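The structure appears right after this line, and notes come after that.
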Ligand code: TXA
Ligand code: MG
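Numbering (this note's numbering), first residue to last: 1 to 348.
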């Protein structure tokens, strides 16, 4: 076990503070340290992607299995081309439309990207984040930054600096604290090294929007991975138990009222993730999170709400059913994983 670090926290209150913090953070990265920073999706835990020893520290800090590849963040399309071995027309078309933004493209990796970054695999995920702090950090450090979400492995991704510190404080060097991240859930991950392109993780950019650019996309359904035990994971984000709150999470087939009442009768402290129009409950045992009806706005609040319910000591979470259409796909995916229990687990 490595020693506990002192994590420097920089509050990015004004332009002068931002400049100084970005310079300091870039220096930490160049010296082989770990920096947590905001992106438009969630906070990331970054290291210089060209420094294998620094990247290895990310895996230690998160308790992340070595085979799980990291996304490499770069400031623009031309820098993206420097970390991959091939830049097909589909990648260019998608980059033109969706970068900077929450889309990660998986392509054959360039030799300068160490294999620790890619989990030993032949491909690398690359993305251009839109958040101005992430952009400033990438431009100042002049290096690609390998960064997973800044949470302990299998825990919920952080959307606020407080979440990063609660999960990883003392395990990394510096935090750029810039308030909540606007998107709320992670980027879409798309394998563009295969034909048709393959959706490895649904995210803020919908499959429909991608299909309008590259034609039909193969969708890997949650829970539909019938692979042999020796096959590597197509994308470890597809591991079923992921994005998990401490409480047991249950997806209701309706607004969830009946399930909430069921748990309240048993004296269980229950969290209820309902829609905005749901009636307010009067039970002191029920912690209510009222979420918007619009998919993007719901995504922006989703992890925040799970973090809040965890912090409030919810033992069981009931989630009101969400729509079946494509724009809710990433939300269904994350909730499905958060609810997943191995078939053999008691009480599943
Ligand atoms: O929005 C995001 O993508 C955030 C921010 C920080 O950029 N990052 C993030 O990283 O969510 P992480 O490590 O928590 O999730 C990365 C996902 C995983 O599902 C991983 O398996 C997949 O991307 N991935 C990365 N590189 C890959 C590759 N070469 N092949 C297949 N999947 C890959
Ligand atoms: Mg993650």
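Don't be surprised by glycine CBs; every beta carbon is placed ideally from N, CA and C.
These figures come from a predicted structure and were not determined experimentally.
Taking a contact to mean a Cβ-Cβ separation below 8 angstroms, would you say residue i touches residue j in this structure?
{"i": "residue 92", "j": "residue 144", "result": "no"}
{"i": "residue 355", "j": "residue 199", "result": "As displayed, the chain neither begins before 1 nor continues past 348, which places residue 355 out of reach and without an answer."}
{"i": "residue 20", "j": "residue 129", "result": "no"}
{"i": "residue 287", "j": "residue 314", "result": "yes"}
{"i": "residue 50", "j": "residue 6", "result": "no"}
{"i": "residue 104", "j": "residue 71", "result": "yes"}
{"i": "residue 245", "j": "residue 185", "result": "no"}
{"i": "residue 176", "j": "residue 150", "result": "no"}
{"i": "residue 173", "j": "residue 8", "result": "yes"}
{"i": "residue 35", "j": "residue 46", "result": "yes"}
So the alpha helix (DSSP H) residue i belongs to, where does it begin and stop?
{"i": "residue 110", "result": "Segment: none, residue 110 is in no alpha helix (DSSP H) and carries neither H nor E."}
{"i": "residue 258", "result": "257-265"}
{"i": "residue 98", "result": "89-98"}
{"i": "residue 167", "result": "161-168"}
{"i": "residue 16", "result": "15-30"}
Could you compute how far the alpha carbon of residue i sits from the alpha carbon of residue j?
{"i": "residue 290", "j": "residue 320", "result": "10 angstroms"}
{"i": "residue 228", "j": "residue 194", "result": "Residue confidence is low: residue 228 scores 33 on pLDDT, short of 50, so the model does not pin down where it sits. Its coordinate-derived value is still stated next. Looking at the two C-alpha atoms, the distance is approximately 20 angstroms."}
{"i": "residue 87", "j": "residue 124", "result": "12 angstroms"}
{"i": "residue 280", "j": "residue 12", "result": "36 angstroms"}
{"i": "residue 340", "j": "residue 161", "result": "27 angstroms"}
{"i": "residue 26", "j": "residue 76", "result": "17 angstroms"}
{"i": "residue 213", "j": "residue 44", "result": "28 angstroms"}
{"i": "residue 90", "j": "residue 18", "result": "36 angstroms"}
{"i": "residue 14", "j": "residue 29", "result": "22 angstroms"}
Return yes when at least one heavy atom of the ligand MG lies under 7 angstroms from the C-beta of residue i, else no.
{"i": "residue 187", "result": "no"}
{"i": "residue 282", "result": "no"}
{"i": "residue 115", "result": "no"}
{"i": "residue 65", "result": "no"}
{"i": "residue 149", "result": "yes"}
{"i": "residue 157", "result": "yes"}
How is the beta strand (DSSP E) around residue i delimited, first residue to last?
{"i": "residue 70", "result": "Note, residue 70: premise wrong, no beta strand (DSSP E); not H, not E."}
{"i": "residue 336", "result": "Premise fails: residue 336 lies in the alpha helix (DSSP H), 329-339, not in any beta strand (DSSP E)."}
{"i": "residue 316", "result": "316-319"}
{"i": "residue 211", "result": "Run containing residue 211: none in the beta strand (DSSP E); it sits in the alpha helix (DSSP H), 207-214."}
For the ligand TXA, is there a heavy atom less than 7 angstroms away from the beta-carbon of residue i?
{"i": "residue 121", "result": "yes"}
{"i": "residue 88", "result": "no"}
{"i": "residue 112", "result": "no"}
{"i": "residue 41", "result": "yes"}
{"i": "residue 287", "result": "no"}
{"i": "residue 24", "result": "no"}
{"i": "residue 127", "result": "yes"}
{"i": "residue 4", "result": "no"}
{"i": "residue 331", "result": "no"}
{"i": "residue 106", "result": "yes"}
{"i": "residue 138", "result": "no"}
{"i": "residue 70", "result": "yes"}
Going by the DSSP bridge assignment, what does residue i pair with across the sheet?
{"i": "residue 83", "result": "The partner list for residue 83 (beta bridge, DSSP) is empty, contrary to what the question assumes."}
{"i": "residue 59", "result": "DSSP lists no partner for residue 59."}
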